[in-house]
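Asks:
Numbering (the UniProt record's numbering), first residue to last: 1 to 136.
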């Protein structure tokens, strides 16, 4: 069975104290998964390159339109979806200007938080996904 290709997006910025902060969303339970803190994931649409997908997903999940930088982390994780089978998520990082960026969550999320790396590593569920943050 062919693996579905997905894009994972780490949205981040630097706070006034000079610390990196990462935007995580708190997902609603869905498709057999519990609620969890995670980055944004999405499928690549027809005629869309990976970086375009990353920007689109950031907008769809958070409502964020403006950003400073899109970076391909050259890092992927393979997993098996409970409902859709084998998949592979390729990670991108998008830097936004500040913590003050307006966030409008979509219906898939019940909350969000700007977290320092220590908290990210405590609340995220999957160890392989946490490794992507070490590349920033």
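Ideal Cβ placement from N, Cα and C applies to all residues, glycine included. Just so we're clear, the structure is a prediction, and the values are computed from it rather than from any experiment.
Please confirm whether residue 125 and residue 90 have their CB atoms less than 8 angstroms apart.
Replies: The sequence position of residue 125 within the chain shown is 125, counting from 1. The sequence position of residue 90 within the chain shown is 90, counting from 1. Taking 8 angstroms as the Cβ cut-off, residue 125 and residue 90 do not qualify as a contacting pair.
Asks: By a C-beta neighbour count over all protein chains shown, 10 Å radius and 16 as the cutoff for buried, is residue 106 buried or exposed?
Replies: As a position in the chain shown, residue 106 is number 106, starting the count at 1. Exposed: under 16 other Cβ atoms inside 10 Å.
Asks: Please say whether residue 35 and residue 110 have beta carbons closer to each other than 8 angstroms?
Replies: In the chain shown, the residue the question calls residue 110 occupies position 110. In the chain shown, the residue the question calls residue 35 occupies position 35. Yes, Cβ-Cβ distance for residue 110 and residue 35 is below 8 angstroms.
Asks: By DSSP, does residue 67 sit in helix, in strand, or in coil?
Replies: Along the chain shown, one-based indexing puts residue 67 at 67. The answer is coil: DSSP assigns residue 67 none of H, G, I, E or B.
Asks: Taking the straight line between their C-alpha atoms, what separation do you get for residue 74 and residue 10?
Replies: Position 74 of the chain shown, counting from 1, holds the residue named residue 74. Position 10 of the chain shown, counting from 1, holds the residue named residue 10. Distance between the alpha carbons of residue 74 and residue 10 is about 13 angstroms.
Asks: Pick out whichever of 39, 133 and 84 has its Cα sitting closest to the Cα of residue 112.
Replies: Position 112 of the chain shown, counting from 1, holds the residue named residue 112. Among 39, 133 and 84, the Cα nearest to that of residue 112 is on 39.
Asks: Return the bridge partner residues of residue 124 from the DSSP annotation.
Replies: Residue 124 sits at position 124 when you count from the first residue of the chain shown. In the DSSP output, where bridge partners are listed per residue, residue 124 has 37.
Asks: Measure the Cβ-Cβ separation of residue 97 and residue 68 and say whether it is below 8 angstroms.
Replies: The residue labelled residue 97 in the question sits at position 97 within the chain shown. The residue labelled residue 68 in the question sits at position 68 within the chain shown. Their beta carbons are under 8 angstroms apart, which means residue 97 touches residue 68 by this criterion.
Asks: Which term fits residue 83, buried or exposed, when burial requires 16 or more other beta carbons within 10 angstroms of its beta carbon?
Replies: Against the chain shown, residue 83 aligns to sequence position 83. Exposed, since its Cβ has fewer than 16 Cβ neighbours within 10 Å.
Asks: Give me the Cα-Cα distance between residue 14 and residue 114, rounded to the nearest whole angstrom.
Replies: By 1-based counting over the chain shown, the position of residue 14 is 14. By 1-based counting over the chain shown, the position of residue 114 is 114. So the alpha carbons of these two residues sit roughly 10 angstroms apart.
Asks: Can you say whether residue 137 is buried or exposed, counting buried as having 16 or more other CB atoms within 10 angstroms of its CB?
Replies: Lying outside 1 to 136, the shown extent of the chain, residue 137 is not represented and no answer is given.
Asks: Contact defined as beta carbons within less than 8 angstroms: I believe residue 92 pairs with residue 7. What is the distance between those atoms, to the nearest angstrom?
Replies: Numbered from 1 along the chain shown, position 92 holds the residue referred to as residue 92. Numbered from 1 along the chain shown, position 7 holds the residue referred to as residue 7. That pair is a contact at about 6 angstroms.
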